[in-house]
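Following this note's numbering, the numbering of the sequence shown begins with 32 at its first residue and continues without gaps.
Heads up, the beta-carbon is just placed ideally off N, CA and C, and yes, glycines get one too.
As the structure is a prediction and not an experimental result, all values here were calculated from the model.
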Amino acid sequence: MKIDKDSVVSFRYRLRDAAGHDLGSSDAGDPVTYLHGHGSLIPGLEAGLRGRAAGERATVTVPPDQGYGPRHDAPLQRIPIKRLLGHGKRPQPGQVVAVQAADGTRQVTVVKVGKFNVDVDTNHPLAGRVLEFDVEVIEVRAATPEELAHGHAHGPGGHHH
Ligand code: ZN
């Protein structure tokens, strides 16, 4: 079965930028599982996976406009350290941290650390970068009616209710 709209896909990936710097990967034992064609992944990665079958490996190159968008020269935002999520100790400049925003959780990059506040760059850490995904497709199956109704994949690597 080839990946197409409404396929449920499990895959592993390793991500690097155009210069070859490692930017992370899926956990070794746990593939990512998603419902294809519902905007679960960045557009360039979904397009690169379409038509592939279980067992296939590929390198998918994603330009910023198909990834996390261009970098904006947004003014830095000053936020209280206590609004950082899951911080155990003092944040460091350059660190990527999660903050609670009106529309959910956002990842921001710490630029400057004060006593009670941090100045953060609100660009997504991967904005403006060409991304190269080495992907390995593990499983492709048809979505269940429930998954289609919810708009996401269920089970290991997907959503749990
Ligand atoms: Zn669901």
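- Using a Cβ distance threshold of 8 Å, residue 63 and residue 188 count as a contacting pair.
- Taking 8 Å as the cut-off, the beta carbon of residue 169 is found no closer than this to the beta carbon of residue 71.
- Using a C-beta cut-off of 8 Å, the stretch 116–126 makes no contact with the stretch 94–104, since fewer than three inter-stretch Cβ pairs fall below that distance.
- Sequence-distant partners of residue 81 (beyond 5 residues in either direction) whose C-beta falls short of 6 Å from its own C-beta, in its chain, are 34.
- Counted as a single uninterrupted DSSP element, the beta strand (DSSP E) harbouring residue 129 occupies residues 127–132.
- The set of residues with a C-beta under 7 Å from any non-hydrogen atom of ligand 1 comprises 177, 178, 181, 183, 185, 190, 192, given in chain order.
- Residue environment for residue 109: exposed (fewer than 16 other C-beta atoms within 10 angstroms of its C-beta).
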